[in-house]
Amino acid sequence: MSVSVSGAGEFDLEIEDERPWALTAAAQRKKPGRGVANIRARASMIDGEVEWKKRDGGGTKFKLSKLCQSSITT
6 MSVSVSGAGE FDLEIEDERP WALTAAAQRK KPGRGVANIR ARASMIDGEV EWKKRDGGGT
66 KFKLSKLCQS SITT
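The numbers in my numbering rise by one with no breaks, and the one at position 63 of the sequence shown is 68.
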């Protein structure tokens, strides 16, 4: 996991999971949830963006980005 804030005020949270994409038989029978939809809804509440990508060799990479506005006034 990594967290960074750029000089331009962009906040990035990245999480990588090395587990393979293949689901077990028990997981495939499970009812689908609203996890991804809930994450997108919460990100939109803070004007953030989310994305998921497959990692080479298996696993997932998740990224949440938000442009932060400075509260410092001069």
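Where a beta carbon is used, it is the ideal one built from N, C-alpha and C, also for glycine.
Note that the structure is a prediction, hence the values are computed from the model and not measured.
- Contact between Leu69 and Ala46 fails: their C-beta atoms lie close to 13 Å from each other, not under 8 Å.
- Rounded to the nearest whole angstrom, the CA to CA distance from Ser7 to Gly64 is 16 Å.
- Per DSSP, Ser9 lies in no alpha helix (DSSP H); the unbroken beta strand (DSSP E) holding it starts and ends at 7-10.
- Looking at the backbone, the Cα of Glu54 and that of Ser11 are separated by about 16 Å.
- Across the set Met50, Gly14, Trp57, the C-alpha of Trp57 shows the shortest separation from the C-alpha of Val41.
- Per DSSP, Ile20 is one residue of the beta strand (DSSP E) stretching across 15-22.
- Between Asp52 and the set Asp22, Leu72, Gly14, Glu21, the nearest pair of CA atoms involves Leu72.
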